[in-house]
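Trainee: Chains as they are written, first to last, in my numbering: chain H, 1 to 329; chain S, 330 to 664.
Positions of the beta carbon are idealized from the N, C-alpha and C atoms, including for glycine.
The structure that follows is given in the form of structure tokens.
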Amino acid sequence: MATRKSPEKSNISKDELLHYYREMLLIRRFEEKAGQLYGMGLIGGFCHLYIGQEAVVVGLEAAAKEGDKRITSYRDHGHMLACGMDPKGVMAELTGREGGYSRGKGGSMHMFSKEKHFYGGHGIVGAQVPLGAGLAFADKYMGNDNVTFTYFGDGAANQGQVYETYNMAELWNLPVIFVIENNQYAMGTSVKRSTKSPSLWERGAAYGIKGEAVDGMDVLAVKAAGEKAVAFCRAGEGPYILEMNTYRYRGHSMSDPAKYRTREEVQKMRDEKDAIEHVRDLLLQGGHATDDDLKAIDKDIKAIVNESAEFAKESPEPALSELWTDIYA
Amino acid sequence: MTMIEAIRDALDVALAQDPEVTVFGQDVGFFGGVFRCTAGLQKKHGETRCFDTPISELGIVGAAIGMASYGLKPVVEIQFADYMYPAYDQIVSEAARLRFRSAGEFTCPMVIRMPTGGGIFGAQTHSQSPEALFTHVAGLKTVVPSNPHDAKGLLLAAIADPDPVIFLEPKRIYNGPFDGHHNRPVTAWRSHPLGEVPEGPYTLPLGQAVIRREGAALTVLAYGTMVHVALAAVQEGGIDAEVIDLRTLLPLDLETITTSVRKTRRCVVLHEATLTSGFGAELAALVQAECFWHLEAPVERVTGWDTPYPHTNEWDYFPGPARVAAACHRVLEVK
């Protein structure tokens, strides 16, 4: 693990590494707790866990500044935690309670925060991609230098609307970073069974959009690539594509029969590429932290996650009248 | 067998008996479908007959229309009816119009299967019932089976049909005849008479409703999951209702409907979809036009509410047996 090369590894400060560790661990523990609550019947319906992909959002958030926007698909819990949304509000939305970000009406896939510039949580594969271009258009129109991180998966990369969006984004030079979270599987269909494109980011070339592939299991590589893309967009050079090669350890959703890949494949990723273990090793071997330091962090995170779960259990169910709020036609 | 197995059986029969039939969609081949409706078909019939597509609804349907106009009989699966919207232009502007605009030179013998409806806590993007979006389009046939026996016969009829058929599979009753009592265990199809599915090929004609329960006091029109909700509601409410399972919305078996309503003189219409401009509006209009002088009460509709399908409060939104029974009683009380 420690042998993995990270760009600018020597320049990474202790604080920065600890920050990544905390943030990624928060997502992982939160998702594990969500999985437990699902198993207990406290979360129902759809629940897509982010476990394994933590380095992507944590690395990119480290490259963002206040005002930057993010929009993503239904595997959205990690994005919300990484941009600073309250774990309590996220968990309570999963349990469908009044204290949830959408007051129980949206559920796991449909949450928003204007304060954190998080534009959802979208349940339809690929449908958020044109919206991301629209957000970037608005920033450009208003003359600020914000960028929009528009996340989608390898499955969504085969949606026609992605390419309509590419064309317009480049045509109008929009400050949008298309982040393809290539976790190798569109539900049960592997990338190689859904496309013959050797890589997904290269498709942008047809529209004149630059981009690159990134080791999405390495938070430092993600951050470095994110900074480059952000600088490009802020300079008015137009859109940029980052294809994050990553991996989800859990099923597509909670009802995944997991017959499309082997246990060994998943275990190998966990053993060799785990993003949290990577940072943990850097911390320990660089002498930045001791086992006890990390245990203390683990304890803090556990408390935050437990608190969110308690809140999500205790928050009341929304009143029936809530169904008829925000209705206009 | 379950409705999933019945649908798989129908696809298996169709693939075996007609080399022009192809079955494809997202996760349909290798994975066997998100609800397992196509499990094992690729292995049995090969990768040219049953295959995966990218997540490209517009592309899937568009390619199927091309195949169909050339004489193949594609049966495509859209993973959830809620994912259909990117393909809607192809369905409306191409599939539904091909026969008319080519003056009969071309037809479009294809089936688009989609799991529909709620009751699985799927929130707004995995629970919708968009049937009215299809019945409103001239040139589409729309089928909604309510049980395994019908699902197989209707699907084989749909595949044999020379024109495009939208085949909506109520996902809540895939494994059992869910009657809206979400707190009770659902009986399995294997202990239900309509879970008995004949082997081999058979078809049920499109456009033929069936009376699921005879009654004299009022007529309840339902399809899909709501057939079971209706049966439970009138049973528990002690209501002498005639429950009609429409089975196909277009073509619609108006005769069975009007014969029943002229007899009972009262009518309640059910569906899970939202009220406004729902298919129930069409049914209510037809009933009043055809049975006006027989009616003794206004036609009532019991439907999902005019809100997006909610994540929580699903069982308030869902038109369950209590709401259905209450509507029946209201209609019966009109003097």
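Express the C-alpha separation of Arg-22/H and Val-563/S in angstroms, rounding to a whole number.
Mentor: Position 234 of the second sequence holds residue 563/S. Position 22 of the first sequence holds residue 22/H. Their Cα atoms are separated by approximately 57 Å.
Trainee: Leu-579/S and Thr-471/S: beta carbons closer than 8 Å?
Mentor: Residue mapping note: residue 579/S aligns to position 250 of the second sequence, counting from 1. Residue mapping note: residue 471/S aligns to position 142 of the second sequence, counting from 1. Yes, these two residues count as a Cβ contact at 8 Å.
Trainee: Give a yes or no on whether the C-beta atoms belonging to Arg-70/H and Phe-118/H are separated by under 8 Å.
Mentor: Against the first sequence, residue 70/H aligns to sequence position 70. Against the first sequence, residue 118/H aligns to sequence position 118. Result yes, Cβ atoms of Arg-70/H and Phe-118/H sit closer than 8 Å.
Trainee: Taking Ser-194/H as the query, report the chain S residues whose CB atoms sit under 7 Å from its CB, ordered along the chain.
Mentor: Start at 1 with the first residue of the first sequence, and residue 194/H comes out as number 194. Here the neighbours are Asp-381, Pro-383.
Trainee: May I ask you to report which of helix, strand or coil DSSP gives His-110/H?
Mentor: Along the first sequence, read from residue 1 onward, the residue named residue 110/H stands at position 110. The answer is coil: DSSP assigns His-110/H none of H, G, I, E or B.
Trainee: Going by the CB atoms, is the gap between Met-244/H and Ile-180/H shorter than 8 Å?
Mentor: Position 180 of the first sequence, counted from the start, is the residue given in the question as residue 180/H. Position 244 of the first sequence, counted from the start, is the residue given in the question as residue 244/H. The answer is yes: Cβ separation under 8 Å.
Trainee: Determine the DSSP secondary structure at Ser-520/S, reduced to helix, strand or coil.
Mentor: Counting from 1 along the second sequence, the entry for residue 520/S is found at position 191. Residue state, collapsed to three classes: helix.
Trainee: What does Gly-451/S touch in chain H if you count any residue whose Cβ is under 8 Å from its own?
Mentor: The sequence position of residue 451/S within the second sequence is 122, counting from 1. Gly-45, Phe-46, listed in chain order.
Trainee: Examine chain H for any beta-carbon lying closer than 8 Å to the beta-carbon of Leu-497/S, and answer yes or no.
Mentor: Within the second sequence, residue 497/S is the residue found at index 168, counting from 1. Chain H, which has no Cβ nearer than 8 Å to the Cβ of Leu-497/S, makes this no.
Trainee: Along the chain, which unbroken stretches of the alpha helix (DSSP H) at least 4 residues long are found entirely within the region 532–611 of chain S?
Mentor: Listed in chain order, the complete alpha helix (DSSP H) runs (minimum 4 residues) inside the region 532–611 of chain S are 554–565, 583–593.
Trainee: Within the same chain, show all residues whose beta-carbon is closer than 7 Å to that of Thr-195/H, passing over the 5 residues directly before and after it, in chain order.
Mentor: The count along the first sequence starts at 1 and reaches residue 195/H at position 195. Same-chain partners within the cutoff: Asn-158.
Trainee: Find the residues of chain H that neighbour Leu-387/S, judging by a C-beta separation of less than 9 Å, and give them in chain order.
Mentor: Here residue 387/S corresponds to residue number 58 of the second sequence, with the count starting at 1. Near Leu-387/S (Cβ distances below 9 Å), the residues of chain H are Gln-159, Gly-160, Gln-161.
Trainee: By how many angstroms is the C-alpha of Gly-59/H removed from the C-alpha of Gly-226/H?
Mentor: Residue 226/H sits at position 226 when you count from the first residue of the first sequence. Residue 59/H sits at position 59 when you count from the first residue of the first sequence. Their Cα atoms are separated by approximately 7 Å.
Trainee: Would the region 196–215 of chain H count as touching the region 160–178 of chain H if we require 3 or more Cβ pairs under 8 Å?
Mentor: Contact between the region 196–215 of chain H and the region 160–178 of chain H is present, because at least three Cβ pairs lie under 8 Å.
Trainee: Report the start-end ranges of each alpha helix (DSSP H) in the region 151–190 of chain H that is 4 residues or longer and not cut off at the edges.
Mentor: Segments of the alpha helix (DSSP H) lying fully in the region 151–190 of chain H: 160–171.
Trainee: Name the residues in the region 615–649 of chain S whose C-beta lies less than 8 Å from a C-beta of chain H; which are they?
Mentor: Per Cβ criterion, the list reads Trp-634, Asp-635, Thr-636, Pro-637, Pro-639, His-640, Thr-641, Asn-642, Asp-645, Tyr-646.
Trainee: Which of the three DSSP states is assigned to Gly-59/H in this structure?
Mentor: Taking the first residue of the first sequence as 1, we reach residue 59/H at position 59. Three-state result, Gly-59/H: helix.
Trainee: So which residues of chain H does Tyr-412/S contact, with C-beta pairs closer than 8 Å?
Mentor: As a first step, residue 412/S is located in the second sequence; it is residue number 83 there, counting from the start. What Tyr-412/S touches in chain H: Ile-124, Val-125.
Trainee: With DSSP run on the structure shown, which of helix, strand or coil describes Ile-276/H?
Mentor: The sequence position of residue 276/H within the first sequence is 276, counting from 1. DSSP places Ile-276/H in helix when its eight states are reduced to three.
Trainee: Could you spell out the range, first to last residue, of the beta strand (DSSP E) harbouring Asp-633/S?
Mentor: Taking the second sequence and counting its residues from 1, one reaches residue 633/S at position 304. In the sequence as displayed, the identity of residue 633/S is Gly instead of Asp. Its beta strand (DSSP E) spans residues 629–633.
Trainee: Got a sec? Which residues, its chain only, sit under 6 Å from Val-549/S by beta carbon, not counting five neighbours each side?
Mentor: Within the second sequence, the letter at position 220 stands for residue 549/S. These residues qualify, in order along the chain: Ala-559, Ala-570, Val-572, Val-597.
Trainee: Please confirm whether Thr-165/H has its beta-carbon closer than 8 Å to some beta-carbon of chain S.
Mentor: Walking along the first sequence from the start, residue 165/H turns up at place 165. Chain S, which has no Cβ nearer than 8 Å to the Cβ of Thr-165/H, makes this no.
Trainee: Among residues of its own chain, excluding the 5 on either side of His-557/S, which ones have a beta-carbon nearer than 8 Å to its beta-carbon?
Mentor: Locating residue 557/S in the second sequence gives position 228, where the first residue counts as 1. Cβ within range, chain order: Ser-475, Ile-502, Pro-506, Phe-507, Asp-508, Gly-509.
Trainee: Between the region 639–646 of chain S and the region 91–104 of chain H, do three or more beta carbon pairs fall short of 8 Å?
Mentor: Contact holds: three or more Cβ-Cβ distances are below 8 Å.
Trainee: Residues of chain H with a CB under 8 Å from the CB of Phe-360/S: which are they?
Mentor: Working through the second sequence from its first residue, we reach residue 360/S at position 31. The answer, in chain order, is Met-187, Gly-188, Thr-189, Lys-259, Tyr-260.
Trainee: Using 8 Å as the threshold, is the C-beta distance between Gly-236/H and Gln-53/H below it?
Mentor: In the first sequence, residue 236/H corresponds to position 236, counting from 1. In the first sequence, residue 53/H corresponds to position 53, counting from 1. Taking 8 Å as the Cβ cut-off, Gly-236/H and Gln-53/H do not qualify as a contacting pair.
Trainee: Would you kindly report the start and end of the unbroken beta strand (DSSP E) that includes Gln-408/S?
Mentor: As a position in the second sequence, residue 408/S is number 79, starting the count at 1. From DSSP, Gln-408/S is part of no beta strand (DSSP E); its letter is neither H nor E.
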